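To start, the structure under review is shown below, and the notes come after it.
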Amino acid sequence: MKVLVTGGAGYIGSMLVGRLLREGYEVRVLDALLYGGESLLPVWSDPAFEFRGGDIRDADIVASAMQGVEAVVHLAAIVGDPACARAPELARAVNLHASLDLIDAAERSGVRRFIFASTCSNYGRMADPEGYVTEDSPLAPVSLYAETKVAVERALLGSGPTRALAATALRFATVFGVSARMRFDLTVNEFTLSMVRDRRLVVFGEQFWRPYVHVRDVAGAVLHVLRAPVASVGGEVFNVGSTTQNFQKRQLVDLIRGWAPDADVEYVARREDPRDYRVSFAKISERLGFATTATVRDGVAEVAALVSAGIVPAAPGTA
Ligand SMILES: NC(=O)c1ccc[n+]([C@@H]2O[C@H](COP(=O)([O-])OP(=O)(O)OC[C@H]3O[C@@H](n4cnc5c(N)ncnc54)[C@H](O)[C@@H]3O)[C@@H](O)[C@H]2O)c1
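Numbering-wise (the numbering used here), the sequence shown opens with residue 369 and increments by one.
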């Protein structure tokens with residue numbers, strides 16, 4: 369099967385592309401290389417790998433990239449609340465309008481499966497502080513980033529079985545762990561970097577809950593959906609993560625202390641955080657038999673070792 373991965377040079381994409389190639393898929397990446405393309409060096413010479421440099425806002429490039437493709441994994445986006453708030457027009461153009469056009473282009477060119485990278489941020493703040501949100505819980509996006517994701521989900525899944533392609537939205541938990549395009553703006557990675565390298569961290573709103581998932585397990589979940597019968601994934605939403613890996617920020621700090629016992633951590637009180645959610649991942653486990661392989665503790669160990677070894681990022685002043 370030939371798979372088009374948009375955003376394939378990114379944090380999740382570069383992990384996914386390697387995995388797909390190892391599992392025998394042909395992979396075409398379409399990416400504008402906003403963060404460079406070195407993450408693709410390990411797969412560059414693989415005969416089953418193909419790269420198209422370009423922007424998903426360009427209809428001709430998208431139409432050409434769709435040719436001969438059976439499945440699309442759409443990851444390309446302006447990612448996260450801060451990035452979208454800094455460039456709202458760009459975020460709307462890429463995350464919303466270009467994504468909707470991409471879905472139409474996929475349908476026109478006969479793509480059979482379409483997987484959309486969505487986010488658990490869509491839940492905003494949980495109504496019941498003692499409970500867990502599920503795929504059926506109301507969505508309450510509180511940022512432009514989540515608004516664009518919710519809008520694409522609705523367009524993708526709203527027309528239900530009338531769509532010729534089997535569309536699936538995957539709501540990823542906040543991702544952690546090491547990938548070839550490293551991100552240190554994600555909570556677990558960021559906290560680990562600050563505590564292990566800088567011995568200092570400021571935490572806003574220590575009591576708020578979020579779910580976390582390893583980047584390798586995100587790739588595993590995408591693979592599960594690609595392999596599942598169309599009838600079990602078409603028109604469906606799945607949260608991607610593990611119910612056991614919901615943490616309060618303070619719990620993350622306590623965990624990372626094992627690698628940075630002397631780090632100076634300052635807590636800044638926040639009564640309100642519009643994003644406070646504990647998520648159930650029962651559906652993907654029960655329907656698709658998906659299970660994560662790495663805990664947050666595993667990810668902290670991995671990132672702490674990377675940082676301690678000075679591999680990435682370089683310590684200040686050494687670049
Ligand atoms: N990382 C997380 O914690 C997380 C959580 C939930 C959902 N997601 C979603 O997963 C997807 C991938 O996230 P990531 O963490 O790998 O982000 P990333 O920023 O590392 O990767 C995004 C990739 O998309 C490319 N891109 C951006 N705009 C483009 C455009 N206009 N045309 C072509 N390519 C473009 C970038 O060059 C980059 O390689 C995103 O859709 C994101 O919203 C990520």
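Built from N, CA and C at the ideal position, the CB exists for glycine as well. Please read all numbers here as calculations on a predicted model, not as lab measurements.
- Less than 9 Å separates the beta-carbon of R655 from that of F606.
- Look at Q613 here: in three-state DSSP terms it is helix.
- With a cut-off of 8 Å, the C-beta of Y403 is classified as near ligand 1, since at least one heavy atom of the ligand falls inside that distance.
- As for any beta strand (DSSP E) of minimum length 3 sitting wholly inside the segment 457-517, the runs are 481-487, ordered along the chain.
- Secondary structure in the segment 532-603: the alpha helix (DSSP H) runs of 4 residues or longer, each lying completely within the stretch, are 555-561, 583-595, 598-601 in chain order.
- In the DSSP assignment, G381 falls within the unbroken alpha helix (DSSP H) covering 379-390.
- For A541, the distance from the CB to the nearest heavy atom of ligand 1 is below 8 Å.
- Straight through space, the alpha carbons of A444 and D666 are spaced by roughly 27 Å.
- Around the Cβ of S676, a 10 Å sphere holds fewer than 16 other Cβ atoms; the residue is exposed.
- If you check the CB distance, T502 and K617 do not come in under 9 Å.
- If you draw a straight line from the Cα of L464 to the Cα of R425, it is about 10 Å long.
- Take G609, set aside five residues on each side of it, and the residues of its chain with a beta-carbon closer than 6 Å to its own are A541, P579, V581, F649, in chain order.
- With a 10 Å radius around the Cβ and a threshold of 16 neighbouring Cβ atoms, Q435 comes out exposed.
- Shown here, R420 sits in a strand according to DSSP, grouped into three states.
- Judged by DSSP in its simplified three-state form, V680 adopts coil rather than helix or strand.
- If you draw a straight line from the Cα of R625 to the Cα of Q613, it comes to about 18 Å.
- When distances are taken from the beta-carbon of I380 to the heavy atoms of ligand 1, the shortest one is below 8 Å.
- The segment 615-667 contains, as complete beta strand (DSSP E) runs of 3+ residues, the segments 632-636 (chain order).
- Close CB contacts of R567 within its chain, under the 7 Å cut and outside five residues either way in sequence, are with A628, D630, A631, D632 (chain order).
- Sequence-distant partners of V411 (beyond 5 residues in either direction) whose C-beta falls short of 7 Å from its own C-beta, in its chain, are V385, G386, L389, F417.
- At a threshold of 8 Å, S505 does not count as near ligand 1, since its beta carbon sits no closer than that to any of the ligand's heavy atoms.
- Distance from the CA atom of A453 to the CA atom of V479, rounded to whole angstroms, is 33 Å.
- Here the alpha carbon of T516 sits roughly 31 Å from the alpha carbon of L569.
- Here G602 is actually not in contact with A532; their C-beta atoms are around 10 Å apart, not less than 8 Å.
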